[in-house]
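See below for the structure under consideration.
In our numbering, the protein residues as written are 1 to 243.
Structural data, given as structure tokens:
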């Protein structure tokens, strides 16, 4: 599936102006803190709208400032896992996942069975009646993924999905995520600070600095010819300190 986004928006001191297009199954967005990565995810999800621009997922226009098109978040068929997972603390894991179906307008009769089936697919059906406060970081991540995927989104947005996990959990979740996205053929855009996430997922990379895309390509492409100091440091380019 091809998807593209042209986003122009001012957020505080940041003047965001990006053009993105890919047919890659998984793409990654990297860059220094404050460069606009989370803003891009929130804009794609519909939590923010650009001042001007166009967002197209497959053959569907989600936003077009010139045509006055702006699809509501719940109708975008976009799954979003924010930093911190975004689970409701007063709902069980099962009801958190079912809430994703409610928000998408699915019938109340089908919500809980479908939610439980998705927990099974994520390998965490045993967590169905537990609350987020009783879950480990890896367990929360699986429940959050289940909630995002249960609506069968056309694109999945992940904001630092592994950052809060310990080293062992991160390695396990990275492998699980790579297998699951490939198995489902799930188009995904992920924000990450870890090149190992990109290597595991075989992601196309966009590098964002100060609201602009400064380089894109595979991790190997970026490593062999880094356009900026950040790219050299992130990829461990030869000759860079720490490589």
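No residue lacks a Cβ here, since even glycine has one placed at the ideal position from N, Cα and C.
| Item | Value |
| --- | --- |
| Taking only runs of the alpha helix (DSSP H) that begin and end inside the region 23-54, which ones reach a length of at least 4 residues, in chain order? | 37-45 |
| Which class does residue 186 belong to by DSSP, given the choice of helix, strand or coil? | coil |
| Between residue 122 and residue 145, which are expected to be in contact by the criterion C-beta below 8 Å, what is the C-beta distance as a whole number of angstroms? | 6 Å |
| Determine the DSSP secondary structure at residue 105, reduced to helix, strand or coil. | coil |
| Starting from the Cα of residue 112, find the closest Cα among 142, 162, 151 and 77 and give me that residue. | 151 |
| Taking just the CA atoms, how far does residue 231 sit from residue 41? | 21 Å |
| Can you check which of these residues, 153, 70 and 14, is closest to residue 36 by C-alpha distance? | 14 |
| Tell me whether the beta-carbon of residue 214 lies closer than 8 Å to the beta-carbon of residue 228. | yes |
| How many angstroms separate the CA atom of residue 236 from the CA atom of residue 98? | 42 Å |
| Please determine, among 83, 31, 199 and 4, the residue with the shortest C-alpha to C-alpha distance to residue 60. | 4 |
| Going residue by residue through the region 137-224, where are the continuous beta strand (DSSP E) segments of at least 3 residues, counting only ones entirely within it? | 155-159, 188-191, 204-209 and 212-217 |
| Based on Cα-Cα distance, which residue from 160, 115 and 47 lies nearest to residue 137? | 160 |
| Rounding to the nearest angstrom, what Cα-Cα distance links residue 148 and residue 73 in this structure? | 13 Å |
| Determine the closest residue to residue 43 out of 233, 189, 170 and 132, with distance taken between C-alpha atoms. | 189 |
| Taking the alpha-carbon positions, what's the residue 182 to residue 165 distance? | 22 Å |
| Considering only their Cβ atoms, is the gap separating residue 129 from residue 173 smaller than 8 Å? | no |
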